[in-house]
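Under this note's numbering, the first residue of the sequence shown is numbered 529, with each subsequent residue one higher.
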Amino acid sequence: MNLRTRTWSLFGVALLALLGLCPPASAQEFDLPGLWSLAAKHSLKLKETRKQIESAERDLAIQKASRLPVLSASAAHNYISEVAQFELPFTIPGRPPLEITAGTHRTTDLAVSLQQPLFTGFRLQNSVRAAVQQIEAQRAAYRATANALFLQVGQLYYSLQRNLLHQKVLEQSVQRANLHLRRARALLDAQQIAPFDTLEVANRVLSLTTQLRGLQHQRRILLARLLRAVNVADLDSLAVVNTDTIHFALQPLSDYQRKAKQLRPELHQLSSLQRASAFGVKAARSAFYPQIVATASYHYARPGVNFFRDEWMTYYTAGVGLRWPLWDWHSRKRQVEKATIALQQVETKRDELLAAVQEQVTEAYQSLLSARDQIELQKQLVRQEKERYRIVRE
């Protein structure tokens with residue numbers, strides 16, 4: 529054996545020893561809070577809703593900036609085909625008539641201007657308030673999306689738990705039926721029963737096995753839906769829920785309906801949209817008021833304010849401007865009516881959603897009562913199957 533072969537042999541022995549000493553990594557079991565954490569971290573729907581919140585925050589920054597002064601620069605160069613000229617009403621003996629030219633054919637103006645809104649009929653203020661409510665609405669929409677996602681994950685999780693419980697029941701039934709089949713075949717060999725009795729037991733075993741395989745396929749489908757909901761490629765395993773530790777201490781239905789009315793983010797979202805629409809109506813009404821703007825500018829122009837001298841000059845201007853549309857064929861009125869209709873639509877949606885929430889709470893309450901009864905019946909069925917298996921085996 530040469531040196532290279534000996535080296536590779538020692539390396540292989542060391543690697544095998546290392547693998548023997550290091551225990552395999554244990555699979556992580558995910559309970560329902562762990563699945564919720566995965567969904568909150570990886571869900572594409574929540575990521576999209578967070579982007580909508582960021583967009584609403586940018587809109588608020590834009591609306592706030594509209595109340596601040598705006599600084600702008602401008603440059604212009606023009607050619608004028610005609611300039612103003614006039615002759616003096618008197619003449620100097622021995623000289624031609626005197627002509628005075630005001631301006632030049634070419635003009636250049638470089639300017640820096642500052643514009644500040646002074647009064648806009650409270651349009652800017654109401655626009656900012658509406659943007660704030662839009663952010664609150666998007667945050668409520670995020671909570672609503674998260675709640676819907678967590679509800680979906682929880683339903684899939686407990687559907688998998690119920691599937692597992694049904695499989696345990698069927699496994700007990702299959703074991704008992706197989707034991708019964710073996711005894712029936714033994715009795716058939718001893719010619720103590722008819723072949724039909726054995727066939728009946730075999731059919732029962734086949735039926736139970738078919739149901740068990742159907743539950744196994746259904747479990748794979750539910751697991752695929754769960755993986756898609758939490759947006760992960762695979763899960764190691766799911767923690768089994770101990771149904772003995774589940775307590776169904778229910779409060780009166782009216783308490784849950786009252787809490788839903790106070791806490792449901794969907795209602796908070798529509799309330800924020802309702803306030804935003806109300807501010808939108810006020811912003812639309814601001815068009816009926818005059819718009820006052822202060823302006824100031826600094827110019828470097830040729831010619832400047834002295835049109836009689838073709839030279840560069842610096843000067844500044846300052847002033848206040850007022851704009852008040854008096855007649856626009858009811859365009860502003862239609863804008864207010866449109867904003868009012870949007871407000872009424874949001875109010876109608878909120879009333880409709882409130883009724884739907886009350887109905888959902890009632891249905892969920894009744895479903896919970898039914899689930900409690902089903903769990904108790906399933907636990908009793910498991911105990912009965914175990915007892916029947918023990919009796920048959922004895």
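No residue lacks a Cβ here, since even glycine has one placed at the ideal position from N, Cα and C.
- In this structure, the beta-carbon distance from residue 793 to residue 672 falls below 8 Å.
- Within the same chain, and ignoring the five residues on either side of residue 600 in sequence, the residues whose Cβ sits closer than 7 Å to its Cβ are 641.
- Residue 880 and residue 911 have their C-alpha atoms spaced approximately 47 Å apart.
- Short of 7 Å from the beta carbon of residue 804, and not among the five residues preceding or following it, lie these beta carbons of its own chain, in chain order: 658, 661, 662 and 665.
- Comparing alpha carbon positions, the residue from 604, 608, 647 and 625 closest to residue 636 is 604.
- Taking the Cα of residue 801 as reference, the smallest distance to any Cα among 878, 842, 883 and 703 is reached at 878.
- The beta carbons of residue 631 and residue 831 sit closer together than 8 Å.
- Here residue 571 is buried, its C-beta having at least 16 other C-beta atoms within 10 Å.
- Sequence-distant Cβ neighbours of residue 705 in its own chain, meaning closer than 7 Å and more than five residues away, are 729, 732, 733 and 736.
- Cβ contact annotation for residue 783 (same chain, cutoff 7 Å, sequence separation greater than five): none.
- The alpha-carbon separation between residue 677 and residue 684 amounts to approximately 11 Å.
- Under the three-state reduction of DSSP, residue 609 is assigned to coil, being neither helix nor strand.
- Residues of the same chain with a CB within less than 8 Å of the CB of residue 585, apart from the 5 flanking positions on each side, are 663 in chain order.
- Bridge pairing for residue 765: 557 [DSSP].
- Rounded to the nearest whole angstrom, the C-alpha separation of residue 689 and residue 769 is 7 Å.
- In the DSSP annotation of this structure, the continuous segment of the alpha helix (DSSP H) that includes residue 796 starts and ends at 793–813.
- Under the three-state reduction of DSSP, residue 646 is assigned to strand.
- For residue 577, the enclosing alpha helix (DSSP H) starts and ends at 572–593.
- In the pairwise beta carbon analysis, the region 836–851 is classified as touching the region 819–828: at least three pairs are separated by under 8 Å.
- Your pair residue 687 and residue 750 checks out as a contact, with CB atoms roughly 5 Å apart and the cut at 8 Å.
- Under the 8 Å Cβ criterion, the region 806–823 counts as touching the region 858–871, having at least three qualifying pairs.
- For the pair residue 906 and residue 694, the Cα-to-Cα distance works out to about 8 Å.
- According to DSSP, residue 847 shares a beta bridge with 823.
- Taking every protein chain shown into account, the CB of residue 626 has fewer than 16 other CB atoms within 10 angstroms, so this residue is exposed.
- Annotation for residue 630: the continuous beta strand (DSSP E) segment containing it runs 627–630.
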